[in-house]
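> This structure is in structure tokens; I'll ask about it shortly.
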Amino acid sequence: MSNRLPPAWAKHLKTQPAPKGAPPEVGQPKLQPAMAAPSRAQANDMMLRQALEFQQQNRLPEAEELCHRVLARTPEHPLALYVLGTLGIGYDDEKVLRYFGRAIAQEPLNPYYHLSLGQAYLRLSEFTPAIKHIQHALALKPDLVEALCALGDAYNSFDKGEMALPLYEKALRVDRDHPAARLGLPRALASLGRMDEAATHLKEAIERRIAIPAAYNALVRTRKFAEEPPELEAILTELQDPNHGSEGAPALHHAAGKLLNDLRRYKEAMDHFKKGNQAGGQRFDLQSYRRWVDALIETFTPELVASRSARGNTSEVPVFVVGMPRSGTTLTEQICASHPAVHGAGELTKLRRISNGIDLGYGSDVNPREALALMTPELSTMLAAEHVAYLRERAPDALRIVDKMPHNFELVGLIGILFPNARVIHCRRDAIDNCISCFVLQFSTAHSYSADLETLGLYYREYDRLMRHWDKIFPGRIFENRYETLIENQEKQSRRLIDYLGLPWHDACLRFFDRGGSVNTYSDWQVRQPIYTSSVKRWKNYESEIQPLIEALGDLADI
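Counting with our numbering, you get residues 29 to 587 for the letters of the sequence shown.
This is the structure:
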């Protein structure tokens, strides 16, 4: 990311990197003539301007050094603390929270600092503090569009899409062309199943030339197309516009691919999916990931888990739905959450944050064995209790709370240590179908393994290898919910699911698609439909185009 500052509202900060030759903005100290020595405040201001410029050029170490120089001269300088916080976005969540919190302590009436901290909590799925700080920002500045949209995002992510709608609507009254509001409102409508209204708002955004690639990508996912819509030609025309850049092109290619797939023009669709993934420029270090999986398998032995789980939390509330993305995790969560005693919390990042905090996550320089050696029984007890309390915030009375973050498949060992009575549901799907469903979506950089067919197949093998290890470490404890089995006999498999949760059967679980509330997933259209079979062996439509994937999967490919 070339600019660590949240771009939509960075212009509101008091200190700005001024364009060359441009006069200082109103409210900023004027720079003194060269003959006069600048005051401490003026020198701080100049260094922070330079830090912001370095930040925008992605020269983050130099920006950080300047901020620390300001803090050495003026301890607890609020803007220096704030900029240090922005330097951690995407790299170090704890650093972000720490510096934004310190900035607020020095300047508690700055709405932008509260907004930043709220958004940082939101990225971590810490909804209660996120909402608190964003609401504080709005109390200080009621018409701050970015805060209205951020609060809408928080409510939407917290499965309260109906509370998000008026916030986006107010934001549009303040700024009818604000991209976050224009895209946020239809996203909230889609999460509530109001697809036609979402489509209307997205078409209006397109007409007003606002966030064109993202708007088209969202629009084509509001329904399935049986006939060629005018949007296809429009998207192909937009692809000729170089102004959409490296971020816009992938979204447009994936939008075109989705439409062409609906129209059964599979070769053309796959061509766009490949171009979209190539345009994203994502690369994945498979060898590094393979070494990490090796280390996990070597570290988590039956003896280690038995010795560690005694200090875990015995609550039966946590349920973890894991597996590859697009393996049926959303469908599984919706079936479970249709039971009156179950709450579906969506994809939570809390467990990942815990693993990163103890240096157990992928990318850490610490070997998993060493990380666990440093995890004292007291820390284990505290982390588990804190996590259960975090879940309880979402549904105080639920008997089971489902976290459907697919990539928690990497952390099943940690789950077994912290929550010895937790349920783990492993969603498995035909390997080729699963991989194709990943490949055709525009995932974030966190899923860079999915951008290349061969890499995707090899990554899937590592996922499969790790899950087989967890099955050996926790024999009989992990419920495998195979997508094709669920499709073949929905009621029988659904009853097995609910029985595994230790709950009595409820007929509402068969009508999961009628469930109220919001759904935030790539599958938000599909989960509003009854179970259908068209996704089984879908890969055969692309067979001639996906040989690198099939070869990489090897014996896991059921051909």
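Don't be surprised by glycine CBs; every beta carbon is placed ideally from N, CA and C.
May I have the straight-line CA-CA distance separating alanine 426 from leucine 291, to the nearest angstrom?
Going from the Cα of alanine 426 to the Cα of leucine 291 covers about 43 angstroms.
> Please classify threonine 404: is it buried, with 16 or more other beta-carbons within 10 angstroms of its beta-carbon, or exposed?
Exposed.
> Quick one: grab the DSSP three-state call for cysteine 245.
Note that residue 245 is asparagine in the sequence shown, not cysteine. If DSSP states are grouped into helix, strand and coil, asparagine 245 belongs with the helices.
> So, helix, strand or coil for aspartate 499, using DSSP?
Three-state DSSP puts aspartate 499 in a helix.
> Just to check my reading of the structure: glycine 389 and arginine 380 have Cβ atoms closer than 8 angstroms, yes? What is that Cβ distance to the nearest angstrom?
Correct: roughly 7 angstroms between the Cβ atoms.
> What is the DSSP secondary structure of arginine 428, counted as helix, strand or coil?
DSSP places arginine 428 in strand when its eight states are reduced to three.
> Would you mind giving the Cβ-Cβ distance between valine 430 and isoleucine 506, rounded to the nearest angstrom? I have them listed as a contact below 8 angstroms.
About 15 angstroms separates the two Cβ atoms, so there is no contact after all.
> Have a look at serine 274 and isoleucine 263 and give me their C-alpha separation to the nearest angstrom.
Those two C-alpha atoms are separated by around 16 angstroms.
> State the DSSP-derived secondary structure class of glutamate 508, mapped to helix, strand or coil.
Note: glutamate 508 maps to strand in three-state DSSP.
> Short check: CB of arginine 210 to CB of alanine 239, under 8 angstroms?
Their beta carbons are under 8 angstroms apart, which means arginine 210 touches alanine 239 by this criterion.
> Any idea if asparagine 86 is buried or exposed, counting beta-carbon neighbours within 10 angstroms, 16 or more meaning buried?
Per the 10 Å Cβ criterion, exposed.
> Going by C-alpha distance, which of Val124, Pro89, Asn384 and Leu400 is nearest cysteine 436?
Sequence check: residue 436 is asparagine here, not cysteine. Asparagine 436 has its Cα closest to that of Asn384, out of Val124, Pro89, Asn384 and Leu400.
> Pair every Cβ in the segment 402-421 with every Cβ in the segment 315-329, then say whether three or more of these pairs are closer than 8 angstroms.
These segments do not touch.
> Quickly, what does DSSP pair arginine 456 with across the bridge? List them, please.
Answer is Arg510, bridged to arginine 456.
> Kindly list the residues whose CB is nearer than 8 angstroms to the CB of arginine 68, restricted to its own chain and excluding five residues on each side of it in sequence; keep chain order.
Cβ within range, chain order: Arg101 and Thr102.
> How is the beta strand (DSSP E) around histidine 281 delimited, first residue to last?
Taken as a continuous stretch (DSSP letters only), histidine 281 belongs to no beta strand (DSSP E), being part of the alpha helix (DSSP H) at 273-290.
> Please classify isoleucine 578: is it buried, with 16 or more other beta-carbons within 10 angstroms of its beta-carbon, or exposed?
Buried, since its Cβ has 16 or more Cβ neighbours within 10 Å.
> Which value, in whole angstroms, describes the spacing of the CA atoms of proline 57 and proline 66?
Confidence at proline 57 is low in this model, with a pLDDT of 35, below 50, so the placement of that residue is unreliable and no value is reported for it.
> Would the segment 440-450 and the segment 461-468 be scored as touching if the rule is three or more Cβ pairs under 8 angstroms?
No, because fewer than three Cβ pairs between the segment 440-450 and the segment 461-468 fall closer than 8 angstroms, the two stretches do not touch.
> Which same chain residues end up closer than 8 angstroms to histidine 40 when comparing Cβ atoms and leaving out the 5 residues on each side of it in sequence?
Any reading at histidine 40 needs caution, since the residue's pLDDT is 48, under 50, leaving its predicted position unreliable; the model's value is listed next. Cβ neighbours of histidine 40 beyond the five flanking positions: Tyr140.
> Would you give the residue range spanned by the alpha helix (DSSP H) that histidine 415 belongs to?
Here the alpha helix (DSSP H) through histidine 415 covers 405-420.
> Taking the beta strand (DSSP E) that phenylalanine 348 belongs to, which residues open and close that run?
346-351 is the extent of the beta strand (DSSP E) around phenylalanine 348.
> For my contact list, alanine 91 and valine 98 are in at a C-beta cut-off of 8 angstroms; report their separation, rounded to the angstrom.
Wrong, their Cβ atoms sit about 11 angstroms apart, outside the cutoff.
> Please classify isoleucine 587: is it buried, with 16 or more other beta-carbons within 10 angstroms of its beta-carbon, or exposed?
Label assigned to isoleucine 587: exposed.
> Tell me, to the nearest whole angstrom, how far the beta carbon of glutamine 147 is from that of alanine 178; I am working on the premise that it is less than 8 angstroms.
5 angstroms between Cβ atoms; contact.
> Thinking C-beta only, is valine 173 closer than 8 angstroms to histidine 206?
Taking 8 angstroms as the Cβ cut-off, histidine 206 and valine 173 qualify as a contacting pair.
> Out of Ile234, Asp203, Leu247 and Glu235, point me to the one whose CA is closest to leucine 217's CA.
Among Ile234, Asp203, Leu247 and Glu235, the Cα nearest to that of leucine 217 is on Leu247.
> Give the DSSP bridge partners of arginine 201, in chain order.
In the DSSP output, where bridge partners are listed per residue, arginine 201 has none listed.
> Checking 8 angstroms against the spacing of the C-beta atoms, do proline 170 and alanine 131 come in under that value?
No, the Cβ-Cβ distance between proline 170 and alanine 131 is not below 8 angstroms.
> Taking leucine 361 and valine 349 to be in contact with their CB atoms under 8 angstroms, please state how far apart those CB atoms are, rounded to whole angstroms.
Before going on, a small fix: residue 361 reads as glutamate here, not leucine. Confirmed, about 5 angstroms.
> Assuming phenylalanine 484 contacts cysteine 455 under a Cβ cut-off of 8 angstroms, what Cβ separation, rounded to an integer in Å, is found between them?
It should be pointed out that residue 484 corresponds to leucine in this sequence rather than to phenylalanine. Not quite, the Cβ-Cβ distance comes to about 17 angstroms (not below 8 angstroms), so this is no contact.
> Given tyrosine 528, which residues of its chain have a CB within under 6 angstroms of its CB, disregarding the five upstream and five downstream residues?
Only Phe507 meet the Cβ criterion.
> Put histidine 8 into one of helix, strand or coil per three-state DSSP.
An answer regarding residue 8 cannot be provided, because it is not within the stretch 29 to 587 covered by the chain.
> Roughly how many whole angstroms lie between the Cα atoms of threonine 595 and tyrosine 244?
Because residue 595 is not part of the residues shown, which for the chain are 29 to 587, the question remains open.
> Would you kindly report the start and end of the unbroken beta strand (DSSP E) that includes valine 124?
Valine 124 -> not in any beta strand (DSSP E); alpha helix (DSSP H) instead, spanning 121-134.
> Are the CB atoms of serine 153 and threonine 377 within a distance shorter than 8 angstroms?
Going by C-beta atoms, threonine 377 is nearer than 8 angstroms to serine 153.
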